[in-house]
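Colleague: Below: one structure in structure tokens.
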Amino acid sequence: MMKRLPFLLLAALLLLQFPAARASHFLGGDLTYEALGNNRYKLALTVFRDCSGVSVYTTATFVCRSTGCTTTGTGAITSVAPLLNSTIGTPYCPGAPGGAAPCGAGLPVNTEMARYETIVTLPPAAEWRISVQDNARPDLANINGNTDIYYEATLSNMGNGQTFQNHSPVFATNAVQFVGWNLPTTFSHLAYDTDGDSLVYSLERPLMSCGSPNVYNQFNAGATYISLPTTGAPCVATLPASLTTYSPTFPLPSLAFTGACPVKTAVPSFLFNPAMGSMSFTPVLFTPGNTTMLQAQNKYVVVVKVDEYRRQPGNTYFHIGSVRREMVFVVSDCGSNVNPSLGPVTIGGTSQQASAVIPVTAGRLISLNLSGIDSNPNQVITLTSNAEQMLPNSEFTPSAPSAQPTAQLNWLPPTTLRPGLYYCTVSTTDNACPIKGVTQQTLTFRVTNTTLATSTAKAVTTLAAVPTPFSGQVSFQLAQAGVQTVTIFDRLGRQVATLRSSAAGEVKWQPAASVAPGLYLARTADGRQVARLLRSDTE
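Under mature numbering (1 follows the signal peptide of the UniProt record, and there is no 0), read the sequence shown as residues -23 to -1, 1 to 516, first letter to last.
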């Protein structure tokens, strides 16, 4: 184990320096918007607070400015939104102190998520700056605490003499993550955009107000070395002289080491992918204790900005909006636990690494078989995914949690889907105690279009089934009239039923009670018409 004595001494000194924390304890969050038509937009704020503080606020005040950061002028619009809902996080096992969802002073650090929504009218403008400013942050390890926290998104709904309608990118992953001390960690800030705009990710500074960033703290209080885990003689690593403070690209103490003991060399190692918003790192500092001040030394704010660009005729792009996410990583001592991971992906009997690009053809069904892997014995692993948010017309079906869980990802990309790269994440979560181990793997799909003149592939028409989901009976209309044969398959490709359409081209399916709930695919004999049939377990 890494020697803790230097960090305990550091914590004791810091106890004498910290001012009393204000009670709100906002850790982070993000602000998004949704176009409703006629220049009306639904604004949504999701925030996370340290639930050892006071109760979450009952309202949030949105401010919309078309004049940059200035507070004067006719372009300012204010709207007060009520609290829509709130949820306590469950990052712990049931046997942890305080249970799976501890919340209160003296308990392990935990968070409460709250959401606020309001509707405003935003006349066309070159840029709207939408924000919420709250008080206050708690003490944190990498930035100055006890300041306001500022959430922001931008929207362009006018440019080049035209007006636009736009939905902001929406993050498809959680904004607070508990990570293991000395454990390699991969996390995704993947966002999706319903307009199909191109997204670019970047690391940014946290803000106290519009245009006013927080100040980063000194890294490791000016120490010149760091103790390393060893089972033999003591081993340390020297820190580079240039590594004096945290920064947007070095927001938490993640280091790689070269050389040999007793003295190695430490190199900053916080990897970030601007194409998909994923990051990889290994936290090397941890301060034990459940007091507010000691817990603060394990909390690190990371800010990701997503800029969206819209394609215009002639393959030119213009900036149409952005969202920012303030996220907190909470470093915890996970003991001997090792994070689970996603195994190789199997497609049609062929396996490939989960990090490899997966080729997909618009209008053709692709099925991926996935599995979770964990080197810790007797742990139960759960597989989850945001595929159904990120990939249009997809279905993710996991097995029950187990030591070797599996899942199937079926995706039938619409024939109208624009060629390019598409992403989703798959999370593997164990049941370690007290902190669950989590790894997020981003899957990358390269979609090509088969309707080009040089392509011999058949274009596939996706049919709309009603109702969706269904219980007793479902129906859909074929593209052409006439009696045709339609075959129903389950998610594993097994034939379930053979149907005949009516003379008008209508198909009805009333499965037997023994047919399990889940995703089924209906396909005509020529394979050119497909319908997704999602059967529920309730009437």
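Note that beta-carbon positions come from the ideal geometry of N, C-alpha and C, so glycine has one too.
Please state the DSSP three-state secondary structure of A198.
Modeller: helix
Colleague: Run through DSSP, which three-state label would E104 get?
Modeller: Here E104 sits in coil by DSSP.
Colleague: For a test of the three-state rule: what should DSSP assign to M135, helix, strand or coil?
Modeller: Judged by DSSP in its simplified three-state form, M135 adopts strand.
Colleague: Hey, how far is the Cα of N197 from the Cα of L386?
Modeller: Whole-angstrom Cα-Cα distance: 44 Å.
Colleague: In whole angstroms, what is the alpha-carbon distance linking E303 and Y178?
Modeller: 13 Å
Colleague: Give me the Cα-Cα distance between A130 and L347, rounded to the nearest whole angstrom.
Modeller: 36 Å
Colleague: What's the call for L389, buried or exposed, on a 16-neighbour Cβ count within 10 Å?
Modeller: buried
Colleague: What's the C-alpha gap between S318 and G30?
Modeller: 34 Å
Colleague: In whole angstroms, give me the CA-to-CA distance for T359 and T405.
Modeller: 6 Å
Colleague: Tell me which residue opens and which closes the beta strand (DSSP E) that L271 is part of.
Modeller: Per DSSP, L271 belongs to no beta strand (DSSP E); it is in the alpha helix (DSSP H), T269 to A273.
Colleague: Shortest alpha-carbon distance to H296 belongs to which of A441, V147 and N134?
Modeller: N134
Colleague: Quick check on Q454: does DSSP put it in helix, strand or coil?
Modeller: strand
Colleague: In this structure, what does DSSP give as the bridge partners for P375?
Modeller: A384
Colleague: Taking DSSP as the reference, what is the three-state secondary structure of A364?
Modeller: Correct three-state label for A364: helix.
Colleague: Per DSSP, R302 is paired with what?
Modeller: Beta-bridge pairing by DSSP links R302 to D7 and V281.
Colleague: Go to V244, then tell me how far its beta strand (DSSP E) extends in each direction, as first and last residue.
Modeller: Per DSSP, V244 is one residue of the beta strand (DSSP E) stretching across V240 to P245.
Colleague: Taking P336 as part of the beta strand (DSSP E), name the residues at either end of that continuous run.
Modeller: I335 to T338
Colleague: At which residues does the beta strand (DSSP E) containing R42 begin and terminate?
Modeller: T36 to R42
Colleague: From the DSSP output, in three-state form, read off H144 for me.
Modeller: When secondary structure is reduced to three states using DSSP, H144 falls in the coil class, being assigned neither helix nor strand.
Colleague: Would you mind stating whether A82 and K276 have Cβ atoms separated by less than 8 Å?
Modeller: Not closer than 8 Å, so no.
Colleague: Are the CB atoms of A214 and A243 within a distance shorter than 8 Å?
Modeller: yes
Colleague: Could you tell me the distance, in whole angstroms, from the CA atom of L248 to the CA atom of F258?
Modeller: 6 Å
Colleague: If we count the other Cβ atoms within 10 Å of its Cβ and call it buried at 16 or more, is I412 buried or exposed?
Modeller: buried
Colleague: Just to confirm, is the Cβ distance from A273 to D467 under 8 Å?
Modeller: Against a cut-off of 8 Å, the Cβ pair of D467 and A273 comes out as no contact.
Colleague: Just to confirm my understanding: we take T88, look at its own chain, exclude 5 residues before and 5 after, and list those with CB closer than 7 Å. What are they?
Modeller: Excluding sequence neighbours, T88 sits near L4, F25, R26, D27, C28, G66 and V153.
Colleague: Would DSSP call D111 helix, strand or coil?
Modeller: strand
Colleague: Find the nearest neighbour of T425 within the set T207, W486, T392 and M367, judged by alpha-carbon distance.
Modeller: T392
Colleague: So, under 8 Å CB-CB, V484 and F453 are touching, yes? Tell me the CB distance rounded to an integer number of Å.
Modeller: 6 Å
Colleague: E365 to A384, Cα distance in whole Å?
Modeller: The alpha-carbon atoms of E365 and A384 are separated by roughly 13 Å.
Colleague: Check C401 in the structure and name its three-state DSSP category.
Modeller: strand
Colleague: Going by other Cβ atoms of all chains shown within 10 Å of its Cβ, with 16 needed for buried, is T501 buried or exposed?
Modeller: Buried: at least 16 other Cβ atoms inside 10 Å.
Colleague: Exposed or buried, which one is D503 when buried takes at least 16 other CB atoms within 10 Å?
Modeller: exposed
Colleague: Where T374 and Q330 are concerned, what is the direct C-alpha to C-alpha distance, given to the nearest angstrom?
Modeller: 20 Å
Colleague: Apart from the five residues on each side of it in sequence, which residues of its chain come closer than 7 Å, Cβ to Cβ, to S299?
Modeller: Sequence-distant partners of S299 (beyond 5 residues in either direction) whose C-beta falls short of 7 Å from its own C-beta, in its chain, are A130, T131, K282, V283, D284 and E285.
Colleague: Decide if T268 is buried, meaning its Cβ has at least 16 other Cβ atoms within 10 Å, or exposed.
Modeller: exposed
Colleague: Going by alpha carbons, who is nearest to L22 out of T9, P211 and L13?
Modeller: T9
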